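Asker: Count along the sequence shown from 1, then add 3; that gives the number in the numbering used here. All C-beta atoms, glycine included, are put in the ideal place defined by N, C-alpha and C. Given the structure is predicted, the values throughout are model-derived calculations rather than measurements. I have a structure here, written as structure tokens, and I will follow up with some questions on it.
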Amino acid sequence: MNSVSVIKGHIVFTDSASEFTIIENGYIVSENGSIIDVCDSLPEKYHGIDVTDYGDSLIIPGFYDLHNHAGQYLQCGTGMNKELLDWLQDYTYKLEKDLADPEYAHRVYSRYVEDLCKYGTLGACAFATSSTVGTECLFEEFKKIGIRGFVGKVNMDCNAPDFIIEEAQKSLEGTRYLVEKYKDEPLVRPIITPRFAPTSTREALKMLGEMAVANGLPVQSHLSENRAEIEWVRELFPEYANYASVYAGNQLFGDTPTLMAHGVYLTEEEVEMCRNGNVYLVHCPDSNINVRSGIAPVKEFLNRGLKVGLGSDIAGGHKIQMNEAIVRAVQSSKILAVDKPDAQLSLSEAFYMATVTGGGFFGRMGKLKRDYQLDALVIDDDPLYKERYSLEDRLEKFLYIGDDRWIAARYVGGKLLKPG
Ligand code: GUN
Ligand code: FE
Numbered sequence: 004m005n006s007v008s009v010i011k012g013h014i015v016f017t018d019s020a021s022e023f024t025i026i027e028n029g030y031i032v033s034e035n036g037s038i039i040d041v042c043d044s045l046p047e048k049y050h051g052i053d054v055t056d057y058g059d060s061l062i063i064p065g066f067y068d069l070h071n072h073a074g075q076y077l078q079c080g081t082g083m084n085k086e087l088l089d090w091l092q093d094y095t096y097k098l099e100k101d102l103a104d105p106e107y108a109h110r111v112y113s114r115y116v117e118d119l120c121k122y123g124t125l126g127a128c129a130f131a132t133s134s135t136v137g138t139e140c141l142f143e144e145f146k147k148i149g150i151r152g153f154v155g156k157v158n159m160d161c162n163a164p165d166f167i168i169e170e171a172q173k174s175l176e177g178t179r180y181l182v183e184k185y186k187d188e189p190l191v192r193p194i195i196t197p198r199f200a201p202t203s204t205r206e207a208l209k210m211l212g213e214m215a216v217a218n219g220l221p222v223q224s225h226l227s228e229n230r231a232e233i234e235w236v237r238e239l240f241p242e243y244a245n246y247a248s249v250y251a252g253n254q255l256f257g258d259t260p261t262l263m264a265h266g267v268y269l270t271e272e273e274v275e276m277c278r279n280g281n282v283y284l285v286h287c288p289d290s291n292i293n294v295r296s297g298i299a300p301v302k303e304f305l306n307r308g309l310k311v312g313l314g315s316d317i318a319g320g321h322k323i324q325m326n327e328a329i330v331r332a333v334q335s336s337k338i339l340a341v342d343k344p345d346a347q348l349s350l351s352e353a354f355y356m357a358t359v360t361g362g363g364f365f366g367r368m369g370k371l372k373r374d375y376q377l378d379a380l381v382i383d384d385d386p387l388y389k390e391r392y393s394l395e396d397r398l399e400k401f402l403y404i405g406d407d408r409w410i411a412a413r414y415v416g417g418k419l420l421k422p423g
């Protein structure tokens with residue numbers, strides 16, 4: 004029984020997307036990081052075990068950011084006057100180039116992982132840059148901080164400035180090196196990361212798909228984000244019926260677990276392709292607004308049974324905080340709902356995307372329920388709110404106006420992380 008531990012507080016999570024499950028003054032019992040019991044009174048067999056009592060605080064699942072660019076962290080909040088393709092050319096690639104310097108990469112990436120953790124993101128799927136040594140620094144920073152991660156070296160071998168692309172074979176070699184080095188890590192693992200179809204040759208896409216399938220590695224990329232980008236893909240790959248098929252034709256679309264960021268303008272065929280159980284769309288509402296891409300019809304995707312997670316997409320998105328991404332998902336759906344009332348996402352649906360769907364990509368995470376990993380946040384909100392509001396209201400308040408000052412503790416796999 005040594006490895007059994009108990010925490011107590013008001014437990015709030017989404018078992019289904021349609022509503023919050025609330026256990027007032029509940030207990031979470033975990034063993035070796037895995038939840039074995041959640042109850043409103045502690046069974047006798049656990050008496051005698053120390054209870055960490057968080058009193059009147061909320062205990063909620065951690066957040067999972069399924070799409071962001073660690074290599075763009077310093078860019079957050081700048082260059083927001085451009086549309087996607089110009090934004091990449093004029094700002095982003097130049098900045099990513101500098102992350103090839105390990106000393107600088109450690110400085111940037113340590114801040115990035117500290118901030119993820121600080122704001123309650125306990126798992127993140129990250130694009131580093133095309134630099135192999137730079138990407139290695141990001142793996143190391145994830146290991147140091149102790150949150151979960153999928154880290155990708157960005158494969159690019161055409162249609163971008165020379166200073167950021169590599170020849171296909173060399174790019175693949177770098178990825179292979181990182182896969183070998185980090186494939187057995189418990190918390191941070193490699194993910195195959197073609198940046199997006201336009202910056203890969205046919206040869207590179209084919210080799211990347213083969214590598215993903217041969218090693219059972221997940222894949223992450225961008226899909227159908229912006230109208231000019233989609234048109235470019237059509238010109239570059241006329242042999243494919245649509246954007247998703249460029250990936251699918253190369254074993255990069257659900258042959259292994261796959262994250263596809265955006266999906267703002269999917270065709271009917273592409274929506275059907277996304278119903279493949281291994282494909283997760285990642286909705287990135289801030290980014291879609293900032294680089295003027297559009298608003299993805301997320302509620303419709305959910306109604307049709309697609310898996311849709313949430314991403315900060317920094318630095319297309321300007322903030323790394325996932326509570327803000329949850330709010331922005333609801334807000335942008337309301338804009339669609341002005342003309343189509345069915346398009347509105349509820350707060351519980353957006354929360355589910357950031358916790359349960361996101362956590363599902365990492366494993367058994369995202370619910371505070373038996374057989375899930377204990378990945379959780381303790382929310383200690385203002386006493387003035389506590390005395391006045393219901394538990395669900397208090398969660399809503401945290402999501403809308405809270406920040407790291409409200410997060411009293413963070414657990415990853417049952418382990419209490421050091422205060423940030
Ligand atoms: N498409 C290709 N690269 C990028 C990127 O860095 N950010 C976003 N938002 N879209 C992309
Ligand atoms: Fe992105």
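(1) Closer than 6 Å to a non-hydrogen atom of the ligand GUN - does that hold for the CB of His70?
(2) CB of Leu316 to nearest heavy atom of the ligand FE: below 6 Å?
(3) Quick one: is the Cβ of Ala127 within less than 6 Å of any heavy atom of the ligand FE?
(4) Less than 7 Å between the beta carbons of Ala215 and Thr178, yes or no?
(5) Which residue's Cα is closest to the Cα of Leu87: His265, Ile404 and Tyr107?
(6) Assuming Val221 and Phe130 make a contact with CB atoms under 8 Å, what is their CB distance in whole Å?
(7) Between Gly297 and the ligand GUN, is the CB less than 6 Å from at least one heavy atom?
(8) Rounded to whole angstroms, what is the Cα-Cα separation between Glu170 and Asp160?
(9) In terms of residues, what are the limits of the beta strand (DSSP E) holding Pro193?
(10) At a cut of 8 Å, does the segment 37-55 reach the segment 74-88 through at least three beta carbon pairs?
(11) Pick out whichever of His70, Thr202 and Ala108 has its Cα sitting closest to the Cα of Val136.
(12) Relative to the C-alpha of Leu309, which candidate in His286, Gly12 and Ile317 has its C-alpha closest?
(13) Is Gln142 near Val191, with beta carbons less than 7 Å apart?
(14) Comparing C-alpha positions only, which one of Met356, Leu211 and Tyr112 sits nearest to Tyr67?
(15) How about the segment 286-304 and the segment 223-237: do they share at least three Cβ pairs that are nearer than 8 Å?
(16) Mind pulling the beta strand (DSSP E) runs of 3 or more residues that sit fully within the segment 352-405?
(17) Go ahead and pull the three-state DSSP assignment for Leu125.
(18) Measuring only the C-alpha atoms, how far is Ser21 from Phe304?
(19) Taking the alpha carbon of Pro300 as the point to measure from, which residue in Leu208, Leu91 and Pro344 has its own alpha carbon closest?
(20) Taking only the alpha-carbon atoms, compute the straight-line gap between Trp235 and Tyr246 and give it to the nearest angstrom.
(21) How many Å lie between Glu242 and Thr138 at the Cα?
(22) Using 8 Å as the cut-off, can you tell me whether the segment 324-338 makes contact with the segment 22-36, which would need three or more C-beta pairs spanning the two stretches below that distance?
(23) Under the rule that 16 or more other beta-carbon atoms within 10 Å means buried, what is Arg397, buried or exposed?
(24) With a threshold of 6 Å, establish whether the CB of Ala264 neighbours any heavy atom of the ligand FE.
(25) Within 10 Å of its beta-carbon, does Gln172 have 16 or more other beta-carbons around it, so buried, or fewer, so exposed?
(26) Can you find the residues in the same chain that come closer than 6 Å, C-beta to C-beta, to Leu98, ignoring five residues on each side of it along the sequence?
(27) Glu399 and Phe23: beta carbons closer than 7 Å?
(28) Opposite Ile26 in the DSSP bridges: which residues?
(29) How far does the beta strand (DSSP E) with Pro260 in it reach, from first residue to last?
(30) Going by beta-carbon coordinates alone, are Lys302 and Leu348 separated by less than 7 Å?
(31) Measuring alpha carbon to alpha carbon, tell me which residue in Ser290, Asp40, Arg307 and Cys120 is nearest Glu272.
(32) Mapping the DSSP letters down to three states, classify Asn245 as helix, strand or coil.
(33) Beta-carbon within less than 8 Å of Lys146's beta-carbon, same chain only, minus the 5 sequence neighbours each way: which residues are those?
(34) Would the C-beta of Phe199 count as close to the ligand GUN, meaning under 6 Å from any of its heavy atoms?
(35) I think His13 touches Leu61, with their Cβ atoms under 8 Å apart; what is that distance to the nearest whole Å?
(36) Let me confirm a value: Tyr112 is counted as buried when at least 16 other C-beta atoms fall within 10 Å, else exposed. Which label applies?
Answerer: Quick look at the numbers:
(1) no
(2) Per the sequence presented here, residue 316 reads as Asp, with Leu not at that position. Yes.
(3) no
(4) no
(5) His265
(6) A small correction: the amino acid at residue 221 is Pro; Val does not occupy that position in the sequence shown. Not confirmed; about 13 Å, so no contact.
(7) Outside the cutoff, so no.
(8) 5 Å
(9) Val191 to Pro193
(10) The segment 37-55 makes no contact with the segment 74-88; the number of CB pairs closer than 8 Å stays below 3.
(11) Ala108
(12) His286
(13) Note that residue 142 is Phe in the sequence shown, not Gln. Yes, the Cβ-Cβ distance between Phe142 and Val191 is below 7 Å.
(14) Minimum Cα distance to Tyr67 is reached at Met356.
(15) With the cut-off at 8 Å, the segment 286-304 and the segment 223-237 touch.
(16) 379-382
(17) strand
(18) 15 Å
(19) Of the listed residues, the one whose Cα sits closest to Pro300 is Pro344.
(20) 10 Å
(21) The alpha-carbon atoms of Glu242 and Thr138 are separated by roughly 33 Å.
(22) Below 8 Å, too few C-beta pairs join the segment 324-338 and the segment 22-36 to call them touching: fewer than three.
(23) When all chains shown are included, Arg397 counts as buried.
(24) yes
(25) exposed
(26) Taking C-beta separations shorter than 6 Å and ignoring five residues to either side along the sequence, the partners of Leu98 in its chain run Gln78, following chain order.
(27) In this structure, Glu399 keeps its C-beta atom at 7 Å or more from the C-beta atom of Phe23.
(28) Ile14
(29) That residue, Pro260, is in no beta strand (DSSP E); it is neither H nor E in DSSP.
(30) yes
(31) Nearest neighbour of Glu272 by Cα position, chosen from Ser290, Asp40, Arg307 and Cys120, turns out to be Arg307.
(32) In the three-state reduction of the DSSP assignment, Asn245 falls in the coil class, being assigned neither a helical nor a strand state.
(33) Glu188, Leu190 and Val191
(34) Indeed, a heavy atom of the ligand GUN lies less than 6 Å from the Cβ.
(35) 5 Å
(36) buried
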